[in-house]
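Quick notes on the structure that follows.
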Amino acid sequence: MQHLQINNLSYKYLHNDILINLNLEFTNGFTSIVGQNGSGKTTLLKLISKKLKANTGTIVGNNLVYYCKQKMYSLPDNFEEFREDYRSKKYKLQELLGIEDEWLYRWESLSFGEKKKIQIAIALYSDVDILLLDEPTNHLDISTKELVIKALTTFNKIGIIVSHDKEVLDSLCTHTIIIKNKIFYKYNTFYSQAINEFKKEQDSLKKEFEKQNQKIKSLQKNIQSQKEKVSKSKSRLSKKSIDKKDKSLKEKINLAKLTGKDKNDSKKVDTFNTKLQQLNSQKINLDKEYKKGIAIEQISSKNDIFPFFIEEGSIKLTDKKTLFYPELCINKGDKIVLLGDNGVGKSTFIKQIVSRLNLDEILFLPQEIDLKKAQELFEEINNLSNEKKGELFTFITRLSSNAKTLLNNDFPSSGELKKLLFAKALLENIAFMILDEPTNHMDIDSILSLQEALKEYKGTVLFVSHDLHFIKNIKTKTWKISEKSPSNFNLEVLI
Numbered sequence: 001m002q003h004l005q006i007n008n009l010s011y012k013y014l015h016n017d018i019l020i021n022l023n024l025e026f027t028n029g030f031t032s033i034v035g036q037n038g039s040g041k042t043t044l045l046k047l048i049s050k051k052l053k054a055n056t057g058t059i060v061g062n063n064l065v066y067y068c069k070q071k072m073y074s075l076p077d078n079f080e081e082f083r084e085d086y087r088s089k090k091y092k093l094q095e096l097l098g099i100e101d102e103w104l105y106r107w108e109s110l111s112f113g114e115k116k117k118i119q120i121a122i123a124l125y126s127d128v129d130i131l132l133l134d135e136p137t138n139h140l141d142i143s144t145k146e147l148v149i150k151a152l153t154t155f156n157k158i159g160i161i162v163s164h165d166k167e168v169l170d171s172l173c174t175h176t177i178i179i180k181n182k183i184f185y186k187y188n189t190f191y192s193q194a195i196n197e198f199k200k201e202q203d204s205l206k207k208e209f210e211k212q213n214q215k216i217k218s219l220q221k222n223i224q225s226q227k228e229k230v231s232k233s234k235s236r237l238s239k240k241s242i243d244k245k246d247k248s249l250k251e252k253i254n255l256a257k258l259t260g261k262d263k264n265d266s267k268k269v270d271t272f273n274t275k276l277q278q279l280n281s282q283k284i285n286l287d288k289e290y291k292k293g294i295a296i297e298q299i300s301s302k303n304d305i306f307p308f309f310i311e312e313g314s315i316k317l318t319d320k321k322t323l324f325y326p327e328l329c330i331n332k333g334d335k336i337v338l339l340g341d342n343g344v345g346k347s348t349f350i351k352q353i354v355s356r357l358n359l360d361e362i363l364f365l366p367q368e369i370d371l372k373k374a375q376e377l378f379e380e381i382n383n384l385s386n387e388k389k390g391e392l393f394t395f396i397t398r399l400s401s402n403a404k405t406l407l408n409n410d411f412p413s414s415g416e417l418k419k420l421l422f423a424k425a426l427l428e429n430i431a432f433m434i435l436d437e438p439t440n441h442m443d444i445d446s447i448l449s450l451q452e453a454l455k456e457y458k459g460t461v462l463f464v465s466h467d468l469h470f471i472k473n474i475k476t477k478t479w480k481i482s483e484k485s486p487s488n489f490n491l492e493v494l495i
């Protein structure tokens, strides 16, 4: 039985506390970690895998670790060893995950989904005690996701999964960690059960929060009332406006002062203030909840590009594979999903459409956002007027993000960058969005927020996704690419 122990772990990036005095223990089996983008999920995996060094605290038991990163710009660790291995273990994993031999010799031209399958295979091939998986089903079609889940069930040591995919979390994980306001809540059950327990706890906190607020308001009212009494008492007992010859009234005032009633009123104010300070020190802190989705009343573009026609044609995907597509038409207001298995040319096809459009008039959201694009995005935002920045902040907040934290972060997560690009497109009144796997890298709350925003969006959307719930709630039309023969893929328009 393996053990992974995290003791009093803290990690700070620049001036931001990411993890604070964290204590966790992991044993055999898979544990899921869920939380908003930027909450420290990936940071924790990097600390366990020794990619980052903590400011304080220790991690014990992390000597043999394999870390499957979200992004696959470079070859996975142990790639060469895996490729040159001719033992049965390697071939069983290739067969289990549907990996062709020739894929191992053309990494750069593989689809993201094909790269992900190889990454998972190498992780299971490596003899480790701890397997760390950061969004393992990003980019995967439905059938491939099922293969990955099946493959991962063969790993019987410590597994930690960061994912937004409820099916994966419920299928594999027997423990769940939910991050909220930098606090890690651990549940000894699968995700769906854990999130229900978490919501009940949060509802209970909200009720307690409301009770506290009522007590605070009542105390503040009492304090104000007592202050008014003290003020009146001081005015009543003042001798300033009394005639110097009126000795009788002066004696009455002196007698009233001796009774100490005014002192009692002042003491009550002090007592109430002390109680108020105690209540405020014990006050439960809850994040303000914002309505999800963004309503834009009118969408326009500089040039009316609709209807947008695509002539019948073909695209050479590899030396052996070609994608054929018919004449297609995109109308104003369409919300079209492009379906298909990994490697059939979905991303290649939409990039060809993008190449025919003016990039200033559309939003193209690729699967992965490179550093150069991120830097350009931040420069453009910094140049916005204060009024426009305010509008952008509102959009970002409605997409389940903290706008100020996001924009002050030198290295925002991929999910945060996607939301930022989407919010900026809404700010610019973009009429046509082309989105390639928009929910990849996003947390569960962010996906729901994006889904609601796209439902309310009045413009035109062409998107690729494997998230069935997301698709069902947005699409009005369906295009699908299918394999007709080992060398030919055909795009069809479905009703």
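Numbering follows full-length UniProt numbering, in which position 288 of the sequence shown is assigned residue number 288; successive positions increment by one, without gaps.
Where is the CB? At the ideal position from N, CA and C, for every residue including glycine.
Here the structure is a predicted model, which means the values were calculated and not measured.
If we call anything under 9 Å between Cβ atoms a contact, is residue i one with residue j?
i	j	result
Leu45	Asn23	no
residue 496	Val65	The first residue shown for the chain is 1 and the last is 495, placing residue 496 beyond what the model contains.
Ile481	Leu365	no
residue 497	Thr318	This structure leaves residue 497 out entirely; the chain is present only between 1 and 495.
Leu399	Ala423	yes
Asp141	His469	no
Ile177	Val60	no
Asp370	Lys332	no
Ser345	Leu323	Strictly speaking, residue 345 in this sequence is Gly, with Ser absent from that position. A contact, by the Cβ cut-off of 9 Å.
Phe30	Ile118	no
Met442	Lys419	yes
Asn21	Lys157	no
Ile310	Ile336	no
Gln70	Asn181	no
Ile122	Phe155	no
Asn37	Glu416	yes
Asp127	Asn63	no
Ala403	Leu426	no
Quick check on residue i: does DSSP put it in helix, strand or coil?
i	result
Val344	coil
Gly390	helix
Tyr86	coil
Glu368	coil
Thr56	strand
Ser32	strand
Glu483	strand
Val337	strand
Leu258	Low confidence applies here, because Leu258 scores a pLDDT of 45, under 50, leaving its location unreliable; read the following figure in that light. Helix.
Gly415	helix
Asp165	coil
residue 516	Nothing in the structure corresponds to residue 516, since the chain is present only between 1 and 495.
Leu363	strand
Ser314	strand
Phe309	strand
Ile158	strand
Thr478	strand
His469	helix
Leu104	helix
Ile397	Strictly speaking, residue 397 in this sequence is Thr, with Ile absent from that position. Three-state DSSP puts Thr397 in a helix.
Ser385	coil
Lys217	helix
Could you spell out the range, first to last residue, of the beta strand (DSSP E) harbouring residue i?
i	result
Asn7	3-13
Ile130	130-134
Leu494	488-494
Leu328	328-330
Ile430	Ile430 -> no beta strand (DSSP E), and no H or E assigned at all.
Please name the residue or residues paired with residue i in a DSSP beta bridge.
i	result
Ala25	The amino acid at residue 25 is misidentified as Ala; the sequence shows Glu. Glu25 is bridged to Gln5.
Asp319	Looking at the DSSP assignment, Asp319 forms no beta bridge with any residue, so it has no partner.
Asp77	In DSSP, Asp77 forms no bridge with anything.
Ser271	According to the sequence provided, residue 271 is Thr. The question's Ser does not apply to it. The partner list for Thr271 (beta bridge, DSSP) is empty, contrary to what the question assumes.
Tyr325	Gly313
What are the start and end residues of the alpha helix (DSSP H) that includes residue i?
i	result
Ile48	41-48
Tyr66	Careful: Tyr66 lies outside any alpha helix (DSSP H), inside the beta strand (DSSP E) at 65-68.
Gly113	112-125
residue 512	Outside the displayed range of the chain (1 to 495) lies residue 512, so it cannot be described from this structure.
Leu406	403-407
Strictly under 9 Å for the Cβ-Cβ distance: is residue i near chain D by that measure?
i	result
Gly333	No chain D is part of this structure, which consists of one protein chain only.
Open item on the list: My parser needs the beta strand (DSSP E) runs of 3 or more residues fully inside the stretch 437-466; what are they?
Closed with: 460-464
Open item on the list: Suppose only complete runs of 3+ residues qualify. What are the beta strand (DSSP E) ranges in the stretch 168-196, listed by chain order?
Closed with: 173-180, 183-187
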